[in-house]
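**Q** The structure is given below, and queries will be raised subsequently.
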Amino acid sequence: MMSTQPELQSRDRVKMLVGGRWETSRSARLGPVYNPSNGGVIAAVPFCTTDEVDRAVQAAAAALPAWAETPVVERARVMFRFRDKIAANTEELASLVTREHGKTLAEARASVQRGIEVVEFACGVPSLIMGQSLANLARQVDCQTIRHPVGVCAGITPFNFPVMVPLWMFPIAITCGNTFVLKPSEKVPLSAVRLGELLMESGLPEGVFNIVHGDRQAVDALLAHPLVRAVSFVGSTPVARQIYETGTRNGKRVQAAGGAKNHLIVMPDADLDQAVGALQLSAFGCAGERCMAGSVAMPVGGVADALVERLHQRASQLKVGPTDGGAEVDMGPVITREHLERVAGYIDIGRREGAEVVLDGRSAMPDRGGGFLIGPSVLDRVEPAMRVWREEIFGPVLSVVRVDDLEQALAIGRDCPYGNGASIFTRSGWAARQFQQYFNAGMIGINIGVPAPMAWFPFTGWNGSFFGDLHIQGTEAIHFYTQQKMTMTRWFESPRDSHHDPVWKTGKG
Ligand code: NAD
């Protein structure tokens, strides 16, 4: 059941955080936050007005001078405390992620852990933010660079990792001396609010971190705001492109991670058990709602029939169901009813285009209750011309593209409009090296189903999977959230500096 505006108006609104205070938005526009396991509305999220976004940015700008002046070791100490608070509240955060997103508790816990690692990385910013220096670069001229914060930064995040993706951004930005305005996905705003509470409890000064809610209107207000200097975005490719183009046109630095179509190549010499296990987790983990989900399997040569048969067998055994309330399931619901229908629609699109539907996820869920549940699907004999290959489905649908050899797999990869991740399963070092060197994607797995970099490495999407220069995470994030200042120094000797001057000798003035 879609909820109506009057119904939502009677509910408590998700709070926004402005200048250290939790406020109720006065916006007339509200959206529902669902529990995807049962389809019930659990909160009303306000779509903040342009004025409210402006107040949040102004609060961040007001807090900037004092925060930027705060010694970096003190800024990092806030992150040490924040890290411990997240760790101590992992179960609560994971339950919140499961409740508003629908992934299983085990998946939610793992996502919180990935987020904690970014905060741990941010604790090391004092070492990472250091500049460079070189004495006597020219005769008696010394040169030095130091890193300054860029100013007010904004983060716009997707629905699929309500805790982890916001944590990719603000801990690093803030520890680098910036202030921040987060606009979490309107579908999952509750986890971000809890993170904001924990961050404030960690001793962060008021105004350094702010949260606004909403949709395109709030995002456009951030992109147009002259005080916002940098924008980090994670979401779908069309929006990532638009954010990159608008943000850079408005003079901001922008890093914008987009959607994906990730290929999993299985060579004839692969350990098939290992490969099938990894493929299944990659394609159907988090109900396929991961930007690093393996959504295309490419069996090479004679391994195809055996691979498809085993995938079918394993996927049919997955227990799909509601994830809240402690139920033991392998796969939970997708995010909304509209998304469920979109994902299901691709099964029909694939069939119409000539793919063979080996497993139809709709048949696994005859009784969904009110939940947005769909089982795993496997489409065999998919061709690169088909929409199910070209478009991101972002659900538990695995397309199988059969290829004759590794060259053909590499050629198909070259045509892919995306370029996030790709993995190969093989026992051959030569094949693995060819793949690593020549596959058209930024994150490569060798016998790894989900080659998502942990906090210390950048999230290096290529093609339509990323717009910008400096990626999210790792030292590239330090560079993104800082601007360098170079100083050249020459001192001229004065009579006071002479070796014969008593001050020089004794140190006494
Ligand atoms: P989305 O693009 O619909 O929304 C992302 C954010 O942008 C949300 O905060 C949303 O409110 C905002 N937004 C939506 N439409 C907008 C518009 N027209 N103008 C301005 N802002 C807008 O993405 P989603 O559905 O929330 O998330 C799923 C997508 O995110 C998938 O495509 C997935 O691959 C991608 N993703 C990518 C990565 C990565 O690292 N590359 C990681 C996670 C998710």
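My numbering puts the first residue of the sequence shown at 722, with every later residue one more than the last.
The C-beta atom is built at its ideal place from N, Cα and C for all residues, glycine as well.
(1) Can we say the segment 972-982 touches the segment 900-911, given the rule of at least three CB pairs closer than 8 Å?
(2) What residues in its chain sit with their C-beta under 7 Å from that of residue 845, if we drop five residues either side in the sequence?
(3) For the structure I just gave you, are there three or more beta carbon pairs, one from the segment 1061-1076 and one from the segment 1023-1037, closer than 8 Å?
(4) Shorter than 7 Å, the distance from the beta carbon of residue 878 to the closest heavy atom of the ligand NAD, or not?
(5) Could you pull out every unbroken beta strand (DSSP E) segment of at least 3 residues lying fully inside the segment 943-994, listed in chain order?
(6) What residues in its chain sit with their C-beta under 7 Å from that of residue 1162, if we drop five residues either side in the sequence?
(7) What's the gap between the Cα of residue 915 and the Cα of residue 1004?
(8) Nearest to residue 918 by CA position, among 1055, 737, 1215, is which residue?
(9) Can you tell me whether residue 906 sits near the ligand NAD, meaning its C-beta is under 7 Å from at least one heavy atom of the ligand?
(10) Any C-beta of chain C sitting closer than 8 Å to the C-beta of residue 1121?
(11) Classify residue 792: buried if its beta carbon has 16 or more other beta carbons within 10 angstroms, exposed otherwise.
(12) Where are the beta strand (DSSP E) runs, 3 residues long or more, that stay fully inside the segment 1086-1167, in chain order?
(13) Taking 7 Å as the cut-off, is the beta-carbon of residue 1137 closer than that to any non-hydrogen atom of the ligand NAD?
(14) Give the DSSP-derived three-state secondary structure of residue 1017 in the structure shown.
(15) At a cut-off of 7 Å, is residue 1182 close to the ligand NAD when judged by its beta-carbon and the heavy atoms of the ligand?
(16) Once the 5 residues before and after residue 925 are set aside, which same chain residues still bring their CB inside 7 Å of it?
(17) Taking the alpha carbon of residue 1210 as the point to measure from, which residue in 807, 820, 849, 866 has its own alpha carbon closest?
(18) What is the rounded straight-line gap between the Cα of residue 956 and the Cα of residue 834?
(19) First and last residue of the alpha helix (DSSP H) that includes residue 806?
(20) Please identify the residue among 1045, 1019, 804, 841 whose C-alpha is closest to the C-alpha of residue 721.
(21) If distances are taken between C-alpha atoms only, which option among 1165, 789, 1031, 968 comes closest to residue 996?
(22) Considering only heavy atoms of the ligand NAD, does any lie closer than 7 Å to the CB of residue 835?
(23) How would you call residue 1128, buried or exposed, if buried means at least 16 neighbouring beta carbons within 10 angstroms?
(24) Is it the case that the segment 852-862 contacts the segment 1075-1091, given that we only count it when at least three CB pairs across the two stretches are under 8 Å?
(25) Considering just the uninterrupted stretch of the beta strand (DSSP E) at residue 1209, what are its terminal residues?
(26) Is residue 1016 near the ligand NAD, judged by its Cβ being under 7 Å from some heavy atom?
(27) Could you give the distance in angstroms between the alpha-carbon of residue 1042 and the alpha-carbon of residue 815?
(28) For residue 747, verify whether its CB is less than 7 Å away from any heavy atom of the ligand NAD.
(29) Are the segment 796-811 and the segment 1070-1086 touching by the rule of at least three beta carbon pairs closer than 8 Å?
(30) Sort out for me which residues DSSP pairs residue 755 with in a bridge.
(31) Report all residues from its chain with a CB closer than 6 Å to the CB of residue 1179; omit the five preceding and five following residues, and keep chain order.
(32) Taking 7 Å as the cut-off, is the beta-carbon of residue 1176 closer than that to any non-hydrogen atom of the ligand NAD?
(33) Per the contact definition of three or more C-beta pairs closer than 8 Å, is the segment 768-781 in contact with the segment 932-944?
(34) Can you confirm whether the segment 738-754 touches the segment 922-937 when touching is taken to mean that 3 or more C-beta pairs between the two stretches lie within less than 8 Å?
(35) DSSP on residue 1177, reduced to helix/strand/coil?
(36) Under the three-state reduction of DSSP, which class applies to residue 867: helix, strand or coil?
**A** Reading it off the structure:
(1) no
(2) The residue labelled residue 845 in the question sits at position 124 within the sequence shown. Here the set comprises nothing.
(3) no
(4) Counting from 1 along the sequence shown, the entry for residue 878 is found at position 157. Result yes, Cβ under 7 Å from the ligand NAD.
(5) 949-955, 974-978, 983-987
(6) Counting from 1 along the sequence shown, the entry for residue 1162 is found at position 441. For residue 1162, where only same-chain residues beyond five positions count, the Cβ hits under 7 Å are 1134, 1140, 1141, 1142, 1143, 1183.
(7) On the sequence shown, position 194 is the one that residue 915 refers to. On the sequence shown, position 283 is the one that residue 1004 refers to. If you take the alpha carbons of residue 915 and residue 1004, they lie about 29 Å apart.
(8) To locate residue 918, count along the sequence shown from 1; it is residue 197. When each option's Cα is compared against that of residue 918, the closest is 737.
(9) For this step, residue 906 is matched to residue 185 along the sequence shown. The answer is yes for residue 906.
(10) Any reference to chain C falls outside this structure, which holds one protein chain only.
(11) Position 71 of the sequence shown, counted from the first residue, corresponds to residue 792. Exposed: under 16 other Cβ atoms inside 10 Å.
(12) 1098-1101, 1118-1121, 1142-1146, 1164-1167
(13) The residue labelled residue 1137 in the question sits at position 416 within the sequence shown. Taking non-hydrogen atoms of the ligand NAD into account, the C-beta of residue 1137 is found less than 7 Å away from none of them.
(14) What you label residue 1017 is simply residue 296 of the sequence shown in a count that begins at 1. Three-state result, residue 1017: strand.
(15) Position 461 of the sequence shown, counting from 1, holds the residue named residue 1182. True, at least one ligand heavy atom lies under 7 Å from that Cβ.
(16) Here residue 925 refers to the residue found at position 204 of the sequence shown. If we look at residue 925 and ignore the five residues flanking it on each side, its Cβ neighbours are 799.
(17) The sequence position of residue 1210 within the sequence shown is 489, counting from 1. Nearest option by C-alpha distance: 866.
(18) In the sequence shown, residue 956 corresponds to position 235, counting from 1. In the sequence shown, residue 834 corresponds to position 113, counting from 1. Rounded to the nearest angstrom, the two C-alpha atoms are 21 Å apart.
(19) For the purposes of this step, residue 806 is identified with residue 85 of the sequence shown, where counting begins at 1. It spans 793-809 - the alpha helix (DSSP H) in which residue 806 sits, taken as one unbroken run.
(20) Nothing can be reported for residue 721, as the shown portion of the chain is limited to 722 through 1230.
(21) Position 275 of the sequence shown holds residue 996. Taking only the C-alpha atoms, the option nearest residue 996 is 1031.
(22) In the sequence shown, the residue the question calls residue 835 occupies position 114. Incorrect: residue 835 has no Cβ contact closer than 7 Å to the ligand NAD.
(23) Against the sequence shown, residue 1128 aligns to sequence position 407. Per the 10 Å Cβ criterion, exposed.
(24) The segment 1075-1091 makes no contact with the segment 852-862, as fewer than three CB pairs between them are under 8 Å.
(25) Position 488 of the sequence shown, counting from 1, holds the residue named residue 1209. Per DSSP, the unbroken beta strand (DSSP E) holding residue 1209 starts and ends at 1203-1211.
(26) For the purposes of this step, residue 1016 is taken as the residue at position 295 of the sequence shown. Outside the cutoff, so no.
(27) In the sequence shown, the residue the question calls residue 1042 occupies position 321. In the sequence shown, the residue the question calls residue 815 occupies position 94. Approximately 17 Å, taken between the alpha carbons.
(28) For the purposes of this step, residue 747 is taken as the residue at position 26 of the sequence shown. No; taking the cut-off as 7 Å, the Cβ of residue 747 has no heavy atom of the ligand NAD nearer than that.
(29) no
(30) The residue labelled residue 755 in the question sits at position 34 within the sequence shown. Residue 755 pairs with 762.
(31) Here the question's residue 1179 lines up with position 458 in the sequence shown. Once the five neighbours on either side are set aside, the close Cβ partners of residue 1179 are 1192, 1194, 1195, 1197.
(32) Mapped onto the sequence shown, residue 1176 falls at position 455. Checking every heavy atom of the ligand NAD against the Cβ of residue 1176, none is found closer than 7 Å.
(33) yes
(34) yes
(35) Taking the sequence shown and counting its residues from 1, the one referred to as residue 1177 is at position 456. Residue state, collapsed to three classes: coil.
(36) Numbered from 1 along the sequence shown, position 146 holds the residue referred to as residue 867. Residue state, collapsed to three classes: strand.
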